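As given, the protein sequences belong to chains A and B, one line each in that order.
To convert, take the position in the first sequence, counting from 1, and add 7; that gives our numbering.
To convert, take the position in the second sequence, counting from 1, and add 7; that gives our numbering.
The beta-carbon is built from N, C-alpha and C at its ideal position, and this holds for glycine as well.
Since the model is a prediction, treat every value here as computed from it, not as a measurement.
To start, the structure under review is shown below, and the notes come after it.
There are 2 protein chains.
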Amino acid sequence: MDKKLLRVLAGESVSPPPVWLMRQAGRYLPEYRQLRSRHASFLDFCLSPRAAAEATLQPIRRFGFDAAILFSDILLLLWALGRDLDFVEGEGPKLAPLQAEEISRLDLSALPSRLAPVGETIRLIREALPGAVTLIGFAGAPFTLAAYAIEGGGSADHLRTRLWAHHDPQGFSRLIEILTEAVIQSLTLQVQAGAEAVMLFDSWAGLLPPRGFARYVITPARRIVSALRARFPHLPLIGFPRLASAQLGPYAQETGLDGVGLDTAADPALVRHAVGAKTALQGNLDPAALLAGGAALAAETENILTALSGHPHIFNLGHGVLPATPPEHVAALLALVRGTSRQAAS
Amino acid sequence: MDKKLLRVLAGESVSPPPVWLMRQAGRYLPEYRQLRSRHASFLDFCLSPRAAAEATLQPIRRFGFDAAILFSDILLLLWALGRDLDFVEGEGPKLAPLQAEEISRLDLSALPSRLAPVGETIRLIREALPGAVTLIGFAGAPFTLAAYAIEGGGSADHLRTRLWAHHDPQGFSRLIEILTEAVIQSLTLQVQAGAEAVMLFDSWAGLLPPRGFARYVITPARRIVSALRARFPHLPLIGFPRLASAQLGPYAQETGLDGVGLDTAADPALVRHAVGAKTALQGNLDPAALLAGGAALAAETENILTALSGHPHIFNLGHGVLPATPPEHVAALLALVRGTSRQAAS
């Protein structure tokens, strides 16, 4: 079976490029809102294999994307390590802020059993997924998980995290190591269940000064890549250090990742030059352009396709689909990327 | 009089580098808190020449920085254009969100009289400032001012602004043009009153995709540079497009600015290469490292000094001084930059 996404991650330029969208399963889809309404808690929803598999498959059925991404949440891993986790409607995730003396109590032993439903979800998805569609598993990267654990949720400035890294680099490094091991275990479980590629989301990587970026973003990503490659030699891995497009050259070269995600602000032409010809690039349409639709959507899409023409490229957004996005704009985007509109217009 | 800061902005590498800090006047200083407590409203405080001049001078007296930066706020310019502005304690600035039909009512004619107290502040500062210290004036850059005007204050995602730019690029460009003219008038007034260099703060530049960055960040900055150069041929200009360190090469080359500010995440070694030998770089210690003090402060400072050794460099933070920063950490930083500590240790 020809899987375009896997060919691109192997370094091939494919035209038109394969396409999927971050948060392609989610609140902008009426069928998702209906499915979600049957579960009171978001955590329960993510841990219900039938519901999570169905959420994963909905956008594939509706739009025919080239990849499905496991419907889950990066914070399940912190819950699997024994941290209390609650998703508060309209406020985002809440955790008890991690204290330094609690690091030694993070419990890796419960992780396989707590994440077993995720494996079951992946098996259900693979049974139903069309053969040309690649299933992507994922995890939050260690620094981003550390930031959520320490802040107890989202944060405007992540000051507790940044201060901790400066004040107590040994303790902070120990936390990053434990999270690195947890990420390796979570991704191993996902690949064993049937994930065909995996992606590391490092949403807060761009907060770090350069030395911290090397220590807490590049080094853990390299360890994750080598641990997974040792076990699964042909597994493709994508990394997405958000807000850090200036660092993508060293990030790609030093981690050995097969693909790198570009955020909205990244200039594809500059990054293409920085990472070299072998690293696939994934991105990076502004989700606000997808929400706006029309001329802005067409122009921004064309700009990205042109900038990455001839390079191994997976078309995606630079951030997740916004909940207010009309589904028909997503259909229009797919037509633009796949050339239907361009051919019709010429 | 030898002004180190002006020599660096003329392209000279000076060792040790001149140093000042964004928000060096502010809440971390007890003398500032005392001065501030005498004025109920922050807007009144900024518009009181004696108070604003005193706030500007306090950190010069205490620490002997190489530059003073006018104590003011970028949002005064929106107030001078007729927008209601209120600074709410603990919540930040509040404005009535700008509507598309209000663009034509933005009133440049009142700007000189409304900003006259800023000119008076600058005259008072210059009378009192030691001759070796450079006085920097500033303005928010047009895109960042537009974002504040449209959102009505700060924002987590700036979605109204991003959507507006996509939906109505002509209207948005018109707004940027009016704000560009207002910035030119404000900086002209400041230079005529005695500002010796000026800085453009583009705090939200990193939100924009590459085409938007070129149109709404680089183009207005170039217009501001050429309008001010036509009037003041020797005026040095610094630009600070925050969260956009990947774009600093094109930004420096296409705007003609003398200096570029680096945010906390920027890698000085990479940026130095990108901008070329003539553009001065200003930055970029993590304010959290200054708050932490000790070994983190020493290591991060040394790292920046080493990365920019031999390049025209103005030492600064990558973002403003955090209010909880102990003033003695600032004194320790100055000793580190000026080599007192390094000499004492060797």
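- [ ] Could you round the C-beta distance between Trp211 (chain B) and Ala154 (chain B) to whole angstroms and report it? I think they count as a contact, below 8 Å.
- [x] 5 Å
- [ ] Give me the Cα-Cα distance between Thr347 (chain A) and Gly18 (chain A), rounded to the nearest whole angstrom.
- [x] 25 Å
Task: For Asp93 (chain B), the residue or residues it bridges with in DSSP - done: B:Lys101
Open item on the list: On the CB-based measure, 16 or more other CB atoms within 10 Å of its CB, does Ala259 (chain A) come out buried or exposed?
Closed with: buried
TODO: Take the Cβ of Val224 (chain A) as the centre, count every other Cβ of all protein chains shown within 10 Å, and call the residue buried at 16 or more, exposed below.
DONE: buried
Task: Distance between Pro100 (chain A) and Gly159 (chain A) (C-alpha atoms, nearest Å) - done: 8 Å
Task: Whether Asp293 (chain A) touches Arg222 (chain B) by CB criterion (8 Å) - done: no
Task: Rounded separation between Arg218 (chain A) and Val282 (chain A) - CA only - done: 20 Å
Task: Run of the alpha helix (DSSP H) containing Leu255 (chain A), from where it starts to where it stops - done: Leu255 to Thr262
Open item on the list: For the pair the stretch 103-120 of chain B and the stretch 323-334 of chain A, tell me if three or more CB-CB distances fall below 8 Å.
Closed with: no
Task: Alpha-carbon spacing of Leu122 (chain A) relative to Ala189 (chain B), whole angstroms - done: 57 Å
- [ ] Express the C-alpha separation of Ala74 (chain A) and Gln31 (chain A) in angstroms, rounding to a whole number.
- [x] 10 Å
- [ ] Express the C-alpha separation of Ser180 (chain A) and Pro24 (chain B) in angstroms, rounding to a whole number.
- [x] 32 Å
Open item on the list: Taking 8 Å as the threshold (beta carbon to beta carbon), is Glu307 (chain A) in contact with chain B?
Closed with: yes
- [ ] State whether the stretch 303-313 of chain A contacts the stretch 242-262 of chain B, with contact taken as three or more CB pairs (one from each stretch) at a distance under 8 Å.
- [x] no
Task: Val267 (chain A), enclosing beta strand (DSSP E) - first and last residue - done: Gly266 to Gly268
Task: Residues in the stretch 229-257 of chain A having any Cβ partner in chain B nearer than 7 Å - done: Leu250, Ala251, Ser252, Ala253 and Gln254
Open item on the list: Out of A:Leu250, A:Thr286 and A:Phe145, which one is the CA nearest neighbour of Thr262 (chain A)?
Closed with: A:Thr286
TODO: Could you spell out the range, first to last residue, of the alpha helix (DSSP H) harbouring His336 (chain B)?
DONE: Pro334 to Val344
Task: Interfacial residues, the stretch 170-193 of chain A to chain D, with Cβ spacing under 7 Å - done: Of the protein chains in the structure, A and B, none is chain D.
Task: C-beta contact flag for Ala60 (chain B) and Leu142 (chain B) at 8 Å - done: no
Task: Expected contact under 8 Å - CB spacing of Leu13 (chain B) and Ala204 (chain B) to nearest Å - done: 7 Å
Task: Contact set between Asp209 (chain A) and chain B, taken where Cβ atoms lie within less than 9 Å - done: By Cβ distance, chain B contributes nothing, its closest Cβ being about 13 Å from Asp209 (chain A), past 9 Å.
- [ ] Just the chain A side, please: which residues come within less than 8 Å of Thr128 (chain B) by C-beta, in chain order?
- [x] Within chain A, no residue comes near Thr128 (chain B); the closest Cβ sits about 29 Å away, beyond 8 Å.
Open item on the list: Counting C-beta neighbours from all protein chains within 10 Å, is the total for Ser353 (chain A) 16 or more, i.e. buried, or is it exposed?
Closed with: Residue placement at Ser353 (chain A) is poorly supported in this model, since its pLDDT is 44, which falls under 50; the coordinates are not used for a value here.
TODO: May I ask which residues mark the beginning and end of the beta strand (DSSP E) holding Pro354 (chain B)?
DONE: Past the boundaries of the shown model lies residue 354 (chain B); chain B is included only from 8 to 353, so the question cannot be answered.
Open item on the list: Do Thr187 (chain A) and Arg230 (chain A) have their beta-carbon atoms positioned less than 8 Å apart in this structure?
Closed with: yes
- [ ] Determine the contact status of Pro319 (chain B) and Val15 (chain B), defining contact as a CB-CB distance below 8 Å.
- [x] yes
Task: Residues sharing a beta bridge with Gln289 (chain B), DSSP - done: B:Gly268 and B:Ile321
TODO: Taking only beta-carbon positions, decide if Leu298 (chain A) is within less than 8 Å of chain B.
DONE: yes
- [ ] Indicate whether at least one CB of chain A lies closer than 8 Å to the CB of Pro217 (chain B).
- [x] yes
Task: Beta-ladder partner(s) of Pro248 (chain B), from DSSP - done: B:Asp209
- [ ] Check the DSSP bridge columns for Thr141 (chain B) and list the partner residues they point to.
- [x] B:Ala74
TODO: Measure the C-alpha to C-alpha separation of Ser22 (chain A) and Leu102 (chain B) and round it to an integer number of angstroms.
DONE: 47 Å
Task: Contact under 8 Å by Cβ, Ile81 (chain A) with Thr128 (chain A) - done: no
Task: Where Ala352 (chain A) sits in the DSSP three-state scheme - done: With a pLDDT of only 46 at Ala352 (chain A), under 50, the local geometry of the prediction cannot be trusted, and the value read off the model is given with reservation. Here Ala352 (chain A) sits in helix by DSSP.
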